[in-house]
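Here the structure is laid out as structure tokens; the discussion comes afterwards.
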Amino acid sequence: MAYLTSGATLRGDITTAIIEGQSGNSGFIGADVFPIYNSSVKAGQYLRLRLGNAELLNDDASVVAPGASYPRTSRAFDNDNFTCVEYGLEEVVPDALAADVSRFFGLETETAKILLRNIQIGHEVEVAAALFNTGNFTATNSLIAYSEANLTTINFPGDVAAAKQRLLKKGVLPNAVVMSQEVFDRIRRSTLAQNQFFGVISNTGGRLLSEQEIAAVAGVEFCYVGKAAKNSAAKGQSFSGGFVWNNTYVAVANIAGGDFAAGGVGRTIIWSEDASAPFVTESYRDENRRSNILRVRSNRTVKVIDTTAAELITTQWV
Numbered sequence: 265m266a267y268l269t270s271g272a273t274l275r276g277d278i279t280t281a282i283i284e285g286q287s288g289n290s291g292f293i294g295a296d297v298f299p300i301y302n303s304s305v306k307a308g309q310y311l312r313l314r315l316g317n318a319e320l321l322n323d324d325a326s327v328v329a330p331g332a333s334y335p336r337t338s339r340a341f342d343n344d345n346f347t348c349v350e351y352g353l354e355e356v357v358p359d360a361l362a363a364d365v366s367r368f369f370g371l372e373t374e375t376a377k378i379l380l381r382n383i384q385i386g387h388e389v390e391v392a393a394a395l396f397n398t399g400n401f402t403a404t405n406s407l408i409a410y411s412e413a414n415l416t417t418i419n420f421p422g423d424v425a426a427a428k429q430r431l432l433k434k435g436v437l438p439n440a441v442v443m444s445q446e447v448f449d450r451i452r453r454s455t456l457a458q459n460q461f462f463g464v465i466s467n468t469g470g471r472l473l474s475e476q477e478i479a480a481v482a483g484v485e486f487c488y489v490g491k492a493a494k495n496s497a498a499k500g501q502s503f504s505g506g507f508v509w510n511n512t513y514v515a516v517a518n519i520a521g522g523d524f525a526a527g528g529v530g531r532t533i534i535w536s537e538d539a540s541a542p543f544v545t546e547s548y549r550d551e552n553r554r555s556n557i558l559r560v561r562s563n564r565t566v567k568v569i570d571t572t573a574a575e576l577i578t579t580q581w582v
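Under the working numbering, the first residue of the sequence shown is numbered 265, with each subsequent residue one higher.
This is the structure we're talking about:
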């Protein structure tokens, strides 16, 4: 429930308010990396054709002599499943408080925005944990540790090239790199990445590479940088800001949306029969409290659908 702290005094001569962390709504990449997929069922099962069991990359065709039988092959189909789970958060907006602070801002509107951000942070945490996960994807050490002392030798282009080759051997064409803000800030200042884009002899001075330019250095279409922040302190403790995406890995991946057959590392599966949107905002009246109750909810699961669709670069971050 929203309330005024004991030290807060409302003055009639000041009719505005500051809400900290306002830029936090623009740093999410979870729905880009694991795109939204609407499912009409809460739980489901689907076929999964693996490289080995389904013999997807086998060279089994052979010469057939006149009148001879053609060689035959067989393949096994695996299956996988998902179950959506409801997440949600409510906040009480008392009529008296809403009226009291109305000259500063619309309490219900701002509360709804904050609740939405709270639930989006949870989704971002899930996606980051699924992608930067050696239980799901193979990780290989970077050629050079991504440290401040190694700015002239960090070989991001070489690391990505090696990861792309590993993916190609599995029949995967990567189209994106995913990294944290801190890793991005270091890579964009690294000598070899700048040389890859600008050339060894350039008059660009110390200009930093953009996300689009880092994508060009990596030879992919997209560069997703995790800027989302979260409070890493326990509830009720002093705020301690940190990033959702860690500095341990860079993902080189194929990212796709739509039907599972389109491939990609994963999807955010939304149970569409229960939710008309990935994040639903609702309100209802509680007369006993003379308050409106605001709710934001999401019925979803973050699902890795193809464990061959990404390679992780372990940055050896220092």
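Just so you know, even glycine gets a beta-carbon here, dropped at the ideal spot from N, CA and C.
| Item | Value |
| --- | --- |
| F420 to A539 span [Cα, whole Å] | 41 Å |
| Three-state class that DSSP yields for E319 in the structure shown | coil |
| First through last residue of the alpha helix (DSSP H) which encompasses L472 | No alpha helix (DSSP H) contains L472, which DSSP labels as neither H nor E. |
| For T579, the nearest candidate out of I557, I569, V516, E537 (CA to CA) | V516 |
| Nonlocal neighbours in the same chain, by C-beta distance under 7 Å from L380, ignoring five residues either side | F543, T545, V560 |
| Proximity below 9 Å, CB of V441 to CB of A479 | yes |
| For A440: DSSP bridge partner residues | F486, A517 |
| Environment of Y310 [buried if 16+ CB atoms lie within 10 Å] | exposed |
| Within 9 Å, strictly: CB atoms of K567 and G530 | yes |
| For R564, three-class secondary structure by DSSP | strand |
| Reduced DSSP category for G399 - H, G, I as helix; E, B as strand; rest coil | coil |
| Where F420 sits in the DSSP three-state scheme | helix |
| Candidates P438, D449, T416, of which the one nearest N459 by Cα | T416 |
| Reference E537, options V305, R471, E354, G528, closest by Cα | V305 |
| Touch test, the stretch 387-401 against the stretch 293-301, Cβ-Cβ under 8 Å, three pairs minimum | yes |
| L456: first and last residue of the uninterrupted alpha helix (DSSP H) it sits in | 455-462 |
| Separation of N414 from C348, as counted between CA atoms | 44 Å |
| Assigned exposure category for L473 - 16 Cβ within 10 Å defines buried | buried |
| Unbroken beta strand (DSSP E) run spanning E546, endpoints | 544-550 |
| Where Y548 falls, given that 16 or more other Cβ within 10 Å makes a residue buried | exposed |
| In DSSP terms, what F346 is bridged to | G308 |
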